[in-house]
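Chemist: Quick one: the structure is below, questions incoming.
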Amino acid sequence: MVADGNGSIRSERPLVADRLVGLDHQIASAKPSVAGGWDLPADLDKDPAVIPQLADVRVPPELKADIEYRMSLYPDPRSAVIPALRAAQRHHGYLSTLAMLQVAAVMKVTPAYLSSIASFYDMLNEEPRGRHYVYVCTSVSCHLSNAKAVFDAIVEAAEEADLGDTDIREFECLGACDMQPMASVDGRYVGPLDPSDAPEIVAAVREGRKPLPGRGLEDSDHMPPGAGDPPPQEEAPG
Amino acid sequence: MTAAPTTMRLLKDIDEPGLATREVYERLGGYAAMRKAVTEMGPDEVLAQISESDVRGRGGAGFAMGKKAGFIPKGDMDKYLVCNADESEPGAFKDRVLIQRNPHRLIEGCIIAARAIGANKSFIYIRGEYELQGDILEAAVAEAYEAGYLGRDILDQGFDLDLVVHRGAGAYICGEETGLLDSLEGKRGNPRLKPPFPANAGLYQGPTLINNVETLCNVPLVIGMGVEAYREVGSEKSKGTKVVSVSGNVQRPGNYEVPLGTKIRDIVYGLAGGPLEGREIKCFFPGGSSAPVLTGDEGLDLAYDFETMAQAGSMLGSGSIIVVDDAQPLVPLALRLAQFYRHESCGKCTPCREGTNWTVKMLERVDSGEATPMDLELLQQVQTNIEGNCLCVLGDSMAMPIGSMLVKFRAEFEQHAESARMRNDAAVVEQPSPELAASPQAGPA
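These protein sequence lines are chains A and B, in that order. Quick note on my numbering: the first sequence kicks off at 3 and runs consecutively. Quick note on my numbering: the second sequence kicks off at 1408 and runs consecutively.
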């Protein structure tokens, strides 16, 4: 039988540490993509991961209120993890160590737990990727209408214009195949796109305005292809 | 088959300005079915009507909604209704339109379904990318609360219901019902082992009914028009209409509502305008990217309903037809498809996690000309070994279409690999060798 080296020591650990050792240091240091020392044996004398206390972490009041409201909506407050992380991401731009600590303190979970959630979902970023996003759908239907060329054009245009603070990436199906190929620019669905639309999208993100007026999903005058055509003949079933 | 009275049910009035507001929705007869279900009918009666109507799940599996709701235990306990609005299947965009244009129909469906099973708490799990639709839905929910259709003591009948719009954060796997439940509980969206099924131990281990947006949107129709009228449209076993999302190489991609059992040719050519000028349909996915492909010759003249699609060796799935024309090489398409499933595999089950990864690698070899004929055999074998061996069907969703492409278009895969290999060989022969010798560091151009 394999002895569990951690067992006895782990059980002696306090559930909540009296003090948060080195908390200030944690906040200041940039988070590496892979935790350092992952290949070293565990330091069993180290304090275990703890739930940060609200008294130790300064949480912006509006963020705290937002998270607490979301927690109140569910029978189990933990259900609000994703909405809370999204709120923190909106507040901080990305899920920095500080953002995670703040959410953890309000929700009374460990930052490690939040990290396990954030790493699972595509829209939660533990690295700064930019406050704005351009998700270009290159999934099956858009692939069939040459979405890769649109994506490449947008990347190229963004490089030329030196557009910063923007997360431009290929995304899986965004559920708007009727306007294929399309992209979501900060949540605004635009399409059908052509590589020649790339400079306009980049310019709009830079200037903080809505890209491609009249070609977004929510625009009242938006016409998907074929919508202006005469209605097709109703087929007689038989 | 009798002549269909009207095929426009879910998409009726969809272009009406302001339909997303309660005022316009009620002017067009909205919430009448909810009033009827809450004030005039008992929960058992509502459930019986849903069962008799044979509404089948529109999310993919096609399971009868009445049967599923009937599994929910009776009695006083915490029961939950969850609406699956995590529409992430490539090719599917019907739920987006239903939520964006007519959110109150979905809310009405949720109220009636919750009434039928006796749930007091309901959730709509909407995918995070649908920011606009999420905002619209939240506004509509607030309106419904204001009108007293949600909250405490609805219509003075002593029936309480809370409805929460929960936004996801970008994970296809959360469209799988148990993955969705885990995600809604604030965990990673890993599917659970079944049984127990969600009807017995779902959200917070309580009995839970999970239905797709379109399914729940059908519920007010059933109650409103009555079972008889509802069943008038459709084929023998698949009743009602289906919103079909047509995309890919067609002239008019979009959502079209047809009675179940309509000929696919009528949908693809009649409604969506057929392939572009001068092109032929090579193959199509009848039910989103997870469905095995059908070639144009074998599939176009079939009836579009659950049974016929299953008999043809494919499935109706979410009801999304993706058309591929003869100008599209299949290998890059298969590769893109496999990349999607590799990216979205949650990693819990080995056949899916490894199978999707290796499928991508092997298809990359086929595409770049490094494949041997044996690779296609191996590729096929990997697909077979994924199917049915995981907790959920995400792996199968890749294995089935790729497997069907390999069987039906084997020659094209072989030819693609062979021509890529010959291109590589030619590039090596053309390589000016003195230059290579002069600068050994330089790689091939």
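We treat Cβ as the ideally placed atom computed from N, Cα and C, and that holds for glycine.
#1: P1598 (chain B) and L1798 (chain B) - do their beta-carbons sit closer together than 8 angstroms?
#2: If we define contact as Cβ-Cβ less than 8 angstroms, is L1417 (chain B) a contact residue for chain A?
#3: Report the CB separation of A1806 (chain B) from Q1790 (chain B) in whole angstroms; it is logged as a contact under 8 angstroms.
#4: Could you list which residues in chain A have their beta carbon closer than 7 angstroms to that of Q1735 (chain B), in chain order?
#5: Give the secondary structure of K1815 (chain B) by DSSP, where H, G and I count as helix, E and B as strand, and everything else as coil.
#6: Write down the C-beta distance between V138 (chain A) and L165 (chain A) rounded to the nearest angstrom, noting that I regard them as a contact closer than 8 angstroms.
#7: Which bits of chain B does I69 (chain A) rub up against, with CB to CB less than 7 angstroms?
#8: Which residue from B:Q1788, B:R1595, B:A1576 and B:I1630 puts its Cα closest to that of E1459 (chain B)?
#9: Going by beta carbon distance, what residues of the same chain come within less than 6 angstroms of A1521 (chain B), once the five residues before and after it are set aside?
#10: Indicate whether at least one CB of chain D lies closer than 8 angstroms to the CB of D180 (chain A).
#11: What does H1750 (chain B) reach in chain A if we use C-beta pairs closer than 7 angstroms?
#12: Any Cβ of chain B within less than 8 angstroms of the Cβ of M102 (chain A)?
#13: Report the neighbours of F153 (chain A) on chain B: residues whose CB is nearer than 9 angstroms to its CB, in chain order.
#14: Say whether the stretch 1546 to 1558 of chain B touches the stretch 1569 to 1576 of chain B, bearing in mind that this needs 3 or more beta-carbon pairs closer than 8 angstroms, one atom from each stretch.
#15: Secondary structure at E1664 (chain B), three-state DSSP: helix, strand or coil?
#16: For G177 (chain A), decide whether its Cβ has a neighbour in chain B, counting only Cβ atoms nearer than 8 angstroms.
#17: Report the residue from B:Q1718, B:V1462 and B:E1433 whose alpha carbon sits nearest the alpha carbon of I1514 (chain B).
#18: Per the contact definition of three or more C-beta pairs closer than 8 angstroms, is the stretch 1760 to 1768 of chain B in contact with the stretch 154 to 168 of chain A?
#19: Can the beta-carbon of G1575 (chain B) be found closer than 8 angstroms to that of G1525 (chain B)?
#20: Should P1877 (chain B) go down as buried or exposed, given a rule of 16 or more other Cβ atoms within 10 Å for buried?
#21: Assess contact between the stretch 1472 to 1487 of chain B and the stretch 1604 to 1621 of chain B, defined as three or more Cβ pairs (one per stretch) separated by less than 8 angstroms. Is contact present?
#22: Could you list the residues in the stretch 1541 to 1572 of chain B with a C-beta less than 7 angstroms from some C-beta on chain A, going in chain order?
#23: For a quick check, are the C-beta atoms of R1638 (chain B) and D1451 (chain B) less than 8 angstroms apart?
#24: Which same chain residues end up closer than 8 angstroms to D26 (chain A) when comparing Cβ atoms and leaving out the 5 residues on each side of it in sequence?
#25: Applying the criterion that 16 or more other CB atoms from any shown protein chain within 10 Å of the CB defines a buried residue, is K48 (chain A) buried or exposed?
#26: Give me the chain B residues within the contact set of E220 (chain A), using Cβ-Cβ distance strictly less than 7 angstroms, ordered along the chain.
#27: Roughly how many whole angstroms lie between the Cα atoms of N1656 (chain B) and C1756 (chain B)?
#28: List the residues that DSSP assigns as beta-bridge partners of A1492 (chain B).
#29: Nearest-angstrom Cα distance between S1590 (chain B) and E1837 (chain B)?
#30: Nearest-angstrom Cα distance between Q28 (chain A) and E129 (chain A)?
#31: Buried or exposed: which applies to D1704 (chain B), given that a residue is buried once 16 or more other Cβ atoms fall within 10 Å of its Cβ?
#32: Strictly by DSSP, which residues pair up with R1463 (chain B)?
#33: Assuming S74 (chain A) is part of the alpha helix (DSSP H), what are its boundary residues?
#34: Taking only beta-carbon positions, decide if S118 (chain A) is within less than 8 angstroms of chain B.
#35: According to DSSP, what are the bridge partners of N148 (chain A)?
#36: With a threshold of 8 angstroms between beta carbons, is V1835 (chain B) in contact with chain A?
Modeler: Inspection of the coordinates gives the following:
#1: Closer than 8 angstroms, so yes.
#2: It does not; no Cβ of chain A falls within 8 angstroms.
#3: Contact flag correct, Cβ pair sits at about 4 angstroms.
#4: Neighbours of Q1735 (chain B) in chain A, taken as residues at a C-beta separation under 7 angstroms, are given in chain order as L146.
#5: Residue state, collapsed to three classes: helix.
#6: In this structure V138 (chain A) is not in contact with L165 (chain A), their Cβ atoms being roughly 14 angstroms apart against a cut-off of 8 angstroms.
#7: By Cβ distance, chain B contributes nothing, its closest Cβ being about 12 angstroms from I69 (chain A), past 7 angstroms.
#8: Ranking B:Q1788, B:R1595, B:A1576 and B:I1630 by Cα distance to E1459 (chain B) puts B:I1630 first.
#9: Within the same chain, and ignoring the five residues on either side of A1521 (chain B) in sequence, the residues whose Cβ sits closer than 6 angstroms to its Cβ are L1488, S1529 and L1568.
#10: In the structure shown, chain D cannot be found, because the protein chains are A and B.
#11: Those are E174, listed as they occur along chain A.
#12: Cβ-Cβ to chain B under 8 angstroms: no for M102 (chain A).
#13: Within chain B, no residue comes near F153 (chain A); the closest Cβ sits about 12 angstroms away, beyond 9 angstroms.
#14: Verdict: yes, contact present.
#15: Here E1664 (chain B) sits in strand by DSSP.
#16: G177 (chain A) counts as touching chain B.
#17: Closest option to I1514 (chain B), judged by alpha-carbon separation, among B:Q1718, B:V1462 and B:E1433: B:E1433.
#18: These segments do not touch.
#19: Going by C-beta atoms, G1575 (chain B) is not nearer than 8 angstroms to G1525 (chain B).
#20: No information on residue 1877 (chain B) is available, as it lies outside the stretch 1408 to 1852 that chain B covers here.
#21: In short, these stretches touch, since the Cβ pair count reaches three.
#22: Result list: V1571.
#23: Remark: C-beta atoms of R1638 (chain B) and D1451 (chain B) do not approach each other more closely than 8 angstroms.
#24: Its pLDDT being 45, under 50, D26 (chain A) is placed unreliably by the model, and the measurement read from it follows with that caveat. Within the same chain, no Cβ atom closer than 8 angstroms to the Cβ of D26 (chain A) is found once the five residues on either side in sequence are excluded.
#25: With fewer than 16 other Cβ atoms within 10 Å, it is exposed.
#26: Near E220 (chain A) (Cβ distances below 7 angstroms), the residues of chain B are L1539.
#27: So the two alpha carbons sit approximately 34 angstroms from each other.
#28: DSSP output for A1492 (chain B) lists B:I1533 as bridge partner(s).
#29: Straight-line Cα distance between these residues: approximately 55 angstroms.
#30: Annotation note: pLDDT 46 at Q28 (chain A) (below 50); position unreliable, no value reported.
#31: D1704 (chain B) should be labelled exposed.
#32: The partner list for R1463 (chain B) (beta bridge, DSSP) reads B:A1471.
#33: Where S74 (chain A) is concerned, the enclosing alpha helix (DSSP H) stretches over P63 to S74.
#34: Closer than 8 angstroms to some Cβ of chain B, the Cβ of S118 (chain A) qualifies, so yes.
#35: In the DSSP output, where bridge partners are listed per residue, N148 (chain A) has none listed.
#36: Judged by the 8 angstroms Cβ criterion, V1835 (chain B) is not in contact with chain A.
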